[in-house]
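Colleague:
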Amino acid sequence: MKTLKIIVEKHPDGYVAYPLGLKGVVVAEGDTYEEALAEVKSAIQFHIETFGNDAFENNDIMETFVAEVAV
1 MKTLKIIVEK
11 HPDGYVAYPL
21 GLKGVVVAEG
31 DTYEEALAEV
41 KSAIQFHIET
51 FGNDAFENND
61 IMETFVAEVA
71 V
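Letter 27 of the sequence shown, counting from 1, is numbered 27 in full-length UniProt numbering, and no numbers are missing.
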């Protein structure tokens, strides 16, 4: 079992969640934080069942940071 870092974004109409460290696109949404997290977990499991170990990026993410910049 691997542990993945998940980004969860809050939008006006709900939440969007996606993992770091997987190849391809895996995204889920929900009306609540918990729902988005549960949905992305299910999507990740399906992705791994479909692609096996090839689903994972070759680099291990040690830490994840979220930063803001003004542009």
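By construction, the Cβ of each residue, glycine as well, lies at the ideal position given by its N, Cα and C atoms.
For the candidate residues I7, A17 and H47, whose alpha-carbon lies nearest to that of F65?
Modeller: Looking only at I7, A17 and H47, the smallest Cα-Cα distance to F65 is reached by I7.
Colleague: Less than 8 angstroms between the beta carbons of G52 and D31, yes or no?
Modeller: no
Colleague: With a floor of 3 residues, list each beta strand (DSSP E) that falls wholly inside the region 7-52, ordered by position along the chain.
Modeller: 14-19 and 28-30
Colleague: So, for D54: in the same chain, excluding its five sequence neighbours on each side, which residues have a beta-carbon less than 8 angstroms away from its beta-carbon?
Modeller: K23
Colleague: Roughly how many angstroms separate the alpha carbons of E34 and V40, rounded to a whole number?
Modeller: 10 angstroms
Colleague: Quick check: the Cα distance between V25 and E9, rounded to an integer number of angstroms?
Modeller: 16 angstroms
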